[in-house]
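Taking it in order: structure first as structure tokens, then the write-up.
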Amino acid sequence: MIDREDAKDSEVAPLDCEHAVRQLWDYADHELSPLDQAAVDAHLAGCAECADHFVFERRFLAAIHAAQRVRDGANEAFVSAVRNNVLESLRNAGAFRIKEHGE
Amino acid sequence: MSLSVVDEAFERDALACLPHVARFALSLTRDEPAADDLVQETYLRAFRGRATFLPTYEMRRWLFTICKNAFLRDRERSVREPASLDADDPTNETLEAVRQHARLGAEVSGALFEQTDLGDAIIAALNALPATMRAVVVLVDQEGYGYADAAELLGVPVGTVRSRLFRARRVLQDALVHHGRDAGLVASHTH
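Here the protein sequences line up with chains B and A, keeping their order.
Using our numbering, you'd call the opening residue of the first sequence number 13 and step up by one each time.
Using our numbering, you'd call the opening residue of the second sequence number 24 and step up by one each time.
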């Protein structure tokens with residue numbers, strides 16, 4: 013664990029563990045400013061405990077993203093049916109050039 | 024019948040986005056017949072408004088916006104979700120997610136991601152989320168939009184996207200731990 017006293021000599025603005033963790037999702041989503049991103053990087057470089065948390069949460073995010081493929085597979089028949097219905101609706105609305113299975 | 028540039032772009036680009044729009048609609052409705060209706064309404068609205076589509080627009084984003092607006096219009100007739108969902112400091116959710124991991128321990132937390140049916144468990148947990156939270160997860164975690172883009176698409180402030188996203192992730196993580204417990208990977212005392 014790192015607190016502000018331990019980290020006061022760091023080159024970038026030092027973060028304690030709580031402040032680093034509070035920025036976890038913003039950091040993982042690349043939503044922090046470059047300066048804040050660097051501050052979290054510096055904290056993680058010196059705090060194995062937080063680094064372990066961040067690795068876990070990134071694996072969690074990767075799992076959510078990967079679940080999309082499961083969802084896509086399960087929804088394949090649904091998407092196909094919706095496509096046919098949309099084409100029919102558009103054809104009825106005057107989009108005559110849209111082909112039966114066109115994309 | 025001659026086809027304008029606008030019509031050609033619509034045929035080419037809008038229909039290419041259909042799988043994304045269908046999945047987004049399903050994430051909002053959680054009901055296939057309702058999602059089917061929503062996608063049809065989305066494309067009909069888009070087709071009728073295709074002349075307003077500017078070259079600077081991104082087609083998928085434009086269709087998502089139409090889809091979301093159509094969904095919200097229908098939802099106005101139903102019960103609103105509590106506003107308190109967006110009121111908390113979202114970073115508290117981040118702290119709790121990390122505390123959850125700390126309780127699990129390294130061996131268990133690593134094993135959570137080795138479950139063969141993890142994807143099914145996540146989809147089930149995602150489907151159990153309130154629509155407002157689910158939409159943010161789909162946009163940010165699965166469709167790859169940033170917070171600002173997701174906020175614009177959903178018509179809410181960026182802070183609301185963060186609140187909903189962080190809360191949703193904690194709920195999903197809790198569901199993952201429950202699933203691990205059912206699989207015997209997580210001891211009950213870690214709950």
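Note that CB positions come from ideal geometry on N, CA and C, so glycine has one too.
**Message:** Three or more C-beta pairs under 8 Å: does that hold for the region 30 to 41 of chain A against the region 89 to 101 of chain B?
**Reply:** The region 30 to 41 of chain A, when compared against the region 89 to 101 of chain B, does touch it at the 8 Å Cβ threshold.
**Request:** Spell out a yes or no on whether the region 43 to 51 of chain B and the region 60 to 72 of chain B are touching, meaning 3 or more CB-CB pairs, one atom from each, closer than 8 Å.
**Result:** Too few Cβ pairs lie closer than 8 Å, so no.
**Reduced DSSP category for A/Glu104 - H, G, I as helix; E, B as strand; rest coil** = In this prediction, A/Glu104 has a pLDDT of 48, which is less than 50 and means its spatial position is unreliable; what the coordinates show is noted afterwards. DSSP places A/Glu104 in coil when its eight states are reduced to three.
**Cβ pair count under 8 Å reaching 3, the region 114 to 122 of chain A against the region 73 to 93 of chain A** = Between the region 114 to 122 of chain A and the region 73 to 93 of chain A there are fewer than three C-beta pairs closer than 8 Å, too few to call the two in contact.
**Prompt:** If you draw a straight line from the alpha carbon of A/Val194 to that of A/Arg35, how long is it in whole angstroms?
**Reply:** Per the coordinates, the alpha-carbon of A/Val194 lies some 38 Å from the alpha-carbon of A/Arg35.
**Request:** To the nearest angstrom, report how far apart B/Tyr39 and B/Leu73 are at their CA atoms.
**Result:** Between B/Tyr39 and B/Leu73, the C-alpha separation is close to 12 Å.
**Message:** Taking a contact to mean a Cβ-Cβ separation below 8 Å, would you say A/Thr117 touches B/Val33 in this structure?
**Reply:** If you check the CB distance, A/Thr117 and B/Val33 come in under 8 Å.
**Prompt:** Is there at least one Cβ from chain A nearer than 8 Å to B/Gly114's Cβ?
**Reply:** Caution applies to B/Gly114, whose pLDDT of 46 falls short of 50 and renders its modelled position unreliable; the model cannot decide the point.
**Item:** Beta carbon of A/Ala173 nearer than 8 Å to that of A/Val184
**Value:** Yes, these two residues count as a Cβ contact at 8 Å.
**Message:** Can you confirm whether the region 49 to 57 of chain A touches the region 138 to 145 of chain A when touching is taken to mean that 3 or more C-beta pairs between the two stretches lie within less than 8 Å?
**Reply:** No, the region 138 to 145 of chain A is not in contact with the region 49 to 57 of chain A.
**Request:** Provide the residue span of the alpha helix (DSSP H) that contains A/Thr117, from first to last.
**Result:** Annotation for A/Thr117: the continuous alpha helix (DSSP H) segment containing it runs 113 to 127.
**Request:** Take A/Ser186 as the anchor and find which of A/Gln165, A/Leu95, A/Asn115 has the nearest alpha-carbon.
**Result:** By alpha-carbon distance to A/Ser186, the top candidate from A/Gln165, A/Leu95, A/Asn115 is A/Asn115.
**A/Tyr168 vs B/Asp41 beta-carbon contact at 8 Å** = No, these two residues do not count as a Cβ contact at 8 Å.
**Asked** Excluding five sequence neighbours on each side, which residues of the same chain lie with their C-beta closer than 6 Å to the C-beta of A/Arg83?
**Response** The beta carbon of A/Arg83 sits closer than 6 Å to the beta carbons of Cys40, His43 from its chain, once the five residues preceding and following it are set aside; these are given in chain order.
**Message:** Is A/Asp172 close to chain B? Criterion is C-beta to C-beta, closer than 8 Å.
**Reply:** No, A/Asp172 does not count as interfacial toward chain B.
**Request:** Determine the chain B residues that contact A/Gly169 at a beta-carbon separation under 9 Å, and present them in chain order.
**Result:** Going along chain B in sequence order, the residues near A/Gly169 (Cβ under 9 Å) are Asp41, His42, Glu43.
**Asked** Going along chain B in order, which residues have a C-beta closer than 9 Å to the C-beta of A/Asp97?
**Response** Chain B residues near A/Asp97: none, gap ~17 Å exceeds 9 Å.
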